[in-house]
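Q: Have a look at the structure that comes next, please.
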Amino acid sequence: MALLKITAALLLVCAARLGAQTAKASEAQVKAVFLFNFAQFVDWPPEAVPDSQAPLVIGILGEDPFGDFLDATVRGERRGSRPFAIRRYQRVGDIKGCDILFINRSAGDPEEILARLKNRPILTVSDAERFAERGGMIRFVTDRGRIRLQINPVSAEAAHLTISSKLLRVAEVITPPGR
Amino acid sequence: MADMRTVAAATMWVFTLGLIGFVPPGLAQQPDSAVSAEALKQLSIEQLMDLQVTSVSKRPERLSQTASAIQVITQQDIRRSGAASLAEALRLASNLQVAQLDSRQWAISARGFNGTAANKLLVLIDGRTVYTPLFSGVFWDVQELPLADIDRIEVISGPGATLWGANAVNGVINVITKDAKDTQGLLLSGGGGTEQHGFGTVRYGAALGSSLRARVYGRGFDRDATAFPSGQDAADDWHLEQGGFRMDWEASSASHATLQGDLYDGRIAQDSGGDIAVTGRNVIAKWSRTLSERSSLTAQLYYDRTHRDIPRLFGEDLDTYDAELQHSTRLGARHDLVWGLGYRNINDRTLVGADSTIAFLPTQVAREWFTGFVQDEIALVPNRLHVTLGTKIEHNDYTGFEIQPSGRVSWRLASSGLLWAAVSRALRTPSRIDRELFAPAKPPFLFSGGPNFHSEEELAYELGYRYRQGSLALSVATFYSRYHGLRSLEQVNPPNPVPLVIGNGQDGESYGGEVTAEYWLTSRWRVHAGYTELRVHVWPNPGSTDKSRGATESQAPDRQFLLQSWVDLPGHLGFAAGFRAIDDINHQLVPAYAELNATIIWQPTAHLDLSLVGQNLLHDQHREFGAAASPTRRDIQRGAYGAVAWRF
Numbered sequence: 000m001a002l003l004k005i006t007a008a009l010l011l012v013c014a015a016r017l018g019a020q021t022a023k024a025s026e027a028q029v030k031a032v033f034l035f036n037f038a039q040f041v042d043w044p045p046e047a048v049p050d051s052q053a054p055l056v057i058g059i060l061g062e063d064p065f066g067d068f069l070d071a072t073v074r075g076e077r078r079g080s081r082p083f084a085i086r087r088y089q090r091v092g093d094i095k096g097c098d099i100l101f102i103n104r105s106a107g108d109p110e111e112i113l114a115r116l117k118n119r120p121i122l123t124v125s126d127a128e129r130f131a132e133r134g135g136m137i138r139f140v141t142d143r144g145r146i147r148l149q150i151n152p153v154s155a156e157a158a159h160l161t162i163s164s165k166l167l168r169v170a171e172v173i174t175p176p177g178r
Numbered sequence: 000m001a002d003m004r005t006v007a008a009a010t011m012w013v014f015t016l017g018l019i020g021f022v023p024p025g026l027a028q029q030p031d032s033a034v035s036a037e038a039l040k041q042l043s044i045e046q047l048m049d050l051q052v053t054s055v056s057k058r059p060e061r062l063s064q065t066a067s068a069i070q071v072i073t074q075q076d077i078r079r080s081g082a083a084s085l086a087e088a089l090r091l092a093s094n095l096q097v098a099q100l101d102s103r104q105w106a107i108s109a110r111g112f113n114g115t116a117a118n119k120l121l122v123l124i125d126g127r128t129v130y131t132p133l134f135s136g137v138f139w140d141v142q143e144l145p146l147a148d149i150d151r152i153e154v155i156s157g158p159g160a161t162l163w164g165a166n167a168v169n170g171v172i173n174v175i176t177k178d179a180k181d182t183q184g185l186l187l188s189g190g191g192g193t194e195q196h197g198f199g200t201v202r203y204g205a206a207l208g209s210s211l212r213a214r215v216y217g218r219g220f221d222r223d224a225t226a227f228p229s230g231q232d233a234a235d236d237w238h239l240e241q242g243g244f245r246m247d248w249e250a251s252s253a254s255h256a257t258l259q260g261d262l263y264d265g266r267i268a269q270d271s272g273g274d275i276a277v278t279g280r281n282v283i284a285k286w287s288r289t290l291s292e293r294s295s296l297t298a299q300l301y302y303d304r305t306h307r308d309i310p311r312l313f314g315e316d317l318d319t320y321d322a323e324l325q326h327s328t329r330l331g332a333r334h335d336l337v338w339g340l341g342y343r344n345i346n347d348r349t350l351v352g353a354d355s356t357i358a359f360l361p362t363q364v365a366r367e368w369f370t371g372f373v374q375d376e377i378a379l380v381p382n383r384l385h386v387t388l389g390t391k392i393e394h395n396d397y398t399g400f401e402i403q404p405s406g407r408v409s410w411r412l413a414s415s416g417l418l419w420a421a422v423s424r425a426l427r428t429p430s431r432i433d434r435e436l437f438a439p440a441k442p443p444f445l446f447s448g449g450p451n452f453h454s455e456e457e458l459a460y461e462l463g464y465r466y467r468q469g470s471l472a473l474s475v476a477t478f479y480s481r482y483h484g485l486r487s488l489e490q491v492n493p494p495n496p497v498p499l500v501i502g503n504g505q506d507g508e509s510y511g512g513e514v515t516a517e518y519w520l521t522s523r524w525r526v527h528a529g530y531t532e533l534r535v536h537v538w539p540n541p542g543s544t545d546k547s548r549g550a551t552e553s554q555a556p557d558r559q560f561l562l563q564s565w566v567d568l569p570g571h572l573g574f575a576a577g578f579r580a581i582d583d584i585n586h587q588l589v590p591a592y593a594e595l596n597a598t599i600i601w602q603p604t605a606h607l608d609l610s611l612v613g614q615n616l617l618h619d620q621h622r623e624f625g626a627a628a629s630p631t632r633r634d635i636q637r638g639a640y641g642a643v644a645w646r647f
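Sequence order for the protein chains is A and B.
Residue numbers are given in numbering that gives the first Met the number 0: position 147 of the first sequence equals residue 146, and the series is strictly consecutive.
Residue numbers are given in numbering that gives the first Met the number 0: position 573 of the second sequence equals residue 572, and the series is strictly consecutive.
Written out as structure tokens, the structure reads:
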């Protein structure tokens, strides 16, 4: 009996340690996995998909906060028949064939960037202040050590993107009125 | 047998726990990169959202959740307002009273007690305290920096003494500049007009390695004089040249170091007596490190030097050395603890010339401050009901130990609202003016500092509500404060009007409310309104001969209203307008006034900004502050300027 109890206790403690291990994920890592997951919850218009084998491109505008973690996340993954690819852009003019774009705060004024991307079928994601209110599609909000999502479905619609209700359900929906 | 089993079990327990407890740290705490992408990919969106994450700096986002009356001015707000100086940008915060006296002097305060030497506000630029120990106020003319480098300005009205420290009696202004990584490349900007004669800034940012970024800047401006009521030029035009740098080093994902500095040199014309000369320099070193997902440490050192020579009035050289350490840690599931230590040393040398009209005696002093604070945010119901208790303990050379505690409650309501309440004790500790100012400069003195002047005490009660849902953000803050031992001027031999000595002979109270609302009418049109209602009453204590009822201590309007509108137009055009209506200033014969600023910005490409700014458009000239019949009274004139900013 005692041995059983000890074994169980040992297992429990080890499990707790493992749990703690996962809990040590950094903000950037969790955001990288979110970016990857978004591909499963968004539908692009047919004209945005040149062919069914074309890679689904996750772009980073400005400084890359993910290191090689985003590359590791998408390695070997597919969305349907499309493999993933990561591209890094220094300026908005360089962006071509991008499906999901993470806009780093360092890339400049998000409103200017969004204005230049106007209505292109790109899922725009950032952690910049009021990003969703200012016309961005998804904003990461770090709140008491957890990452929440704010989604502006109107902006997505304007770019002919469809965001799954499964994603909308867990996010805070931001809708600027008068549109 | 049972005993044996118990002993064996206990031994195994101890062994097991010991084993796990003594796993080398390197094994138990894998570096961040060891968390595998595979493991995280197994989690659902909900699980990802529930995961605790670590980040190097959590404080900025946490600050907006604190139970206090906070307003944040962003870089974009500043740019669109057309503000040409830091003081002008502060007009965007409706919880501040801001009045311009002449071309260089401003009276800025929160919750009343405004004046040219307003002394109940703490102003920080990147953690460097800029109020002068001479009178606990701010020389706004030298608080200049390239406005394009500002990330945000946090403006807190109400006591912030527990966390922020001395002088945060009625408010804190915290100016935070951008990380060097956010100002890479070349920026050339400049322009000119009627009141802003000319200005220009060159800034260059580059990477000095994979994790080290830097920027340098140089700037200068030339500002026009204000006008006498007759419309005649007041001859207080001035110019200032300034340069500086900032380096940010991401030493690792968990530690960040910053080194920055500025220097400036300016000349301000006067009607008579010769130009005022101002020079200064400062350097700040900051280091922060995330020790674990539950704790972080910040250390900061700075040195600041200012020199000011006002011919026929006084001259001053001030050196400030400051060191601060702050540690925040989470204890258990419910306690967020922050504590810190600080030390400040000043060496202040004032000059008494043959023609000086006032003197600070002794002319040279060295003073020290020791501070410690501790604050615990307790999650009574996590993410719902939080209580924050804390206190600051300070030792200064004038009054010894002083204690400034506060208690705050925040209650998050289901409907995106936050209700908060606070009780605080805050002190305005003596500055040199209270004890060491004498006039004339040589005996017999008609006016002298109070040798026994002690701290002014405030007990503040605040109640507020913040709401944010979709495109509407609303904030209401109400307050009631009692003051004890406010500064007074006492007759030494009543009823003889002079000599006078400074005392603590007045008590007072203040109450009011601050309401702000921000609303996005459409995704391209944002409107921000702010209204503040304020009453300050000051009365003499028994035995006091000061019958001014606060006329020398508080000069603020009963109410003010601000309305700002920003709209993005087609063709890369933006239009911003800022309207303000300020009631008459109590204890002054300054009438109520309304003014309007407007900005048109055209951004033909992402690299180029062209803007046209109109300031104080409604009147040729208007008065904001100052005695009615004073020969020194200045009016602020209508102005217009154009500016170009080119980034590449």
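Where a beta carbon is used, it is the ideal one built from N, C-alpha and C, also for glycine.
1. Looking only at C-alpha atoms, which of A/I94, A/D63, A/A71 and A/Q52 sits nearest to A/R78?
2. Are the C-beta of A/K165 and some C-beta of chain B separated by less than 9 Å?
3. Assign B/T604 to one of two classes, buried (16 or more other C-beta atoms within 10 Å of its C-beta) or exposed (fewer than that).
4. From which residue to which residue does the beta strand (DSSP E) around B/Q468 run?
5. Beta-carbon of A/A84 versus every beta-carbon of chain B: anything under 9 Å?
6. Which residues does DSSP list as the beta-bridge partners of B/M246?
7. What's the gap between the Cα of B/Y130 and the Cα of B/Y640?
8. Threshold first: 4 residues or longer. Then list the alpha helix (DSSP H) segments lying entirely within the segment 136-209 of chain B, N to C.
9. At what residues does the beta strand (DSSP E) containing B/S287 begin and finish?
10. To the nearest angstrom, report how far apart A/L148 and A/V29 are at their CA atoms.
11. Kindly indicate if chain A contains any beta-carbon less than 9 Å away from that of B/T73.
12. Identify which residue in B/A644, B/T387 and B/D232 has its Cα closest to the Cα of B/Q620.
13. Can you pull the chain A neighbours of B/S252, defined as C-beta to C-beta under 9 Å?
14. Which bits of chain B does A/V32 rub up against, with CB to CB less than 9 Å?
15. Taking 9 Å as the cut-off, decide whether the C-beta atoms of B/Q96 and B/A109 are in contact.
16. Skipping 5 residues on each side, what residues in its chain have a beta carbon closer than 7 Å to that of B/R523?
17. In chain A, which residues lie with their C-beta within 9 Å of the C-beta of B/S547?
18. Spatial neighbours of A/L233 within its chain, please: CB distance less than 7 Å, with the 5 preceding and 5 following residues excluded, ordered by chain position.
19. Given a threshold of 16 other Cβ atoms within 10 Å of its Cβ, counted over all protein chains shown, does B/L445 qualify as buried or as exposed?
20. Would A/A114 count as contacting chain B if we go by Cβ distances under 9 Å?
21. As a quick exercise: from B/L485, B/S470 and B/R481, pick the residue whose alpha carbon is nearest that of B/R525.
22. Considering B/E376, what are the terminal residues of the alpha helix (DSSP H) in which it resides?
23. In chain order, what residues of the segment 124-155 of chain A put their CB closer than 9 Å to some CB of chain B?
24. May I ask you to list the residues that DSSP assigns as paired with B/P404?
25. Among B/A421, B/S295, B/P439 and B/Q241, which residue has its Cα nearest to the Cα of B/F313?
26. Mind checking if A/N36 is an interface residue toward chain B, Cβ cutoff 9 Å exclusive?
27. Hey, quick one: how far does the alpha helix (DSSP H) through B/D433 stretch, first residue to last?
28. How about B/T521 and B/Q559: are their beta carbons less than 9 Å apart?
29. Under 9 Å, do B/T257 and B/D178 count as touching if we go by C-beta distance?
30. Measure from the C-beta of A/I173 to each C-beta in chain B and report whether the shortest distance is under 9 Å.
31. Going by alpha carbons, who is nearest to A/R115 out of A/E132, A/D126 and A/K95?
32. Please tell me whether B/L91 has its Cβ less than 9 Å away from any Cβ of chain A.
33. What are the boundary residues of the alpha helix (DSSP H) that A/P152 is part of?
34. Would you verify that the beta carbon of B/A605 is, or is not, closer than 9 Å to some beta carbon of chain A?
35. With a 10 Å radius around its C-beta and 16 neighbouring C-beta atoms as the bar for buried, classify B/V612 as buried or exposed.
36. Rounded to whole angstroms, what is the Cα-Cα separation between B/T349 and B/L324?
A: Let me spell this out:
1. A/Q52
2. yes
3. exposed
4. E455 to Q468
5. no
6. B/A213 and B/L258
7. 30 Å
8. 160-163
9. I275 to S291
10. 12 Å
11. yes
12. B/D232
13. S25, A27 and G66
14. A36, L39, K40, L42 and L47
15. yes
16. V566 and D567
17. Here the premise fails: no neighbours, minimum Cβ distance about 45 Å.
18. This structure does not reach residue 233 of chain A, given that chain A is present from 0 up to 178, and the question cannot be answered.
19. exposed
20. yes
21. B/S470
22. No alpha helix (DSSP H) holds B/E376; the beta strand (DSSP E) holding it covers Q363 to V380.
23. E128, R129, E132, R133, G134, V140, T141, D142, R143, G144, R145, I146, R147, L148, N151, V153 and S154
24. B/T390
25. B/P439
26. yes
27. R431 to E435
28. no
29. yes
30. yes
31. A/K95
32. no
33. P152 to A157
34. yes
35. buried
36. 31 Å
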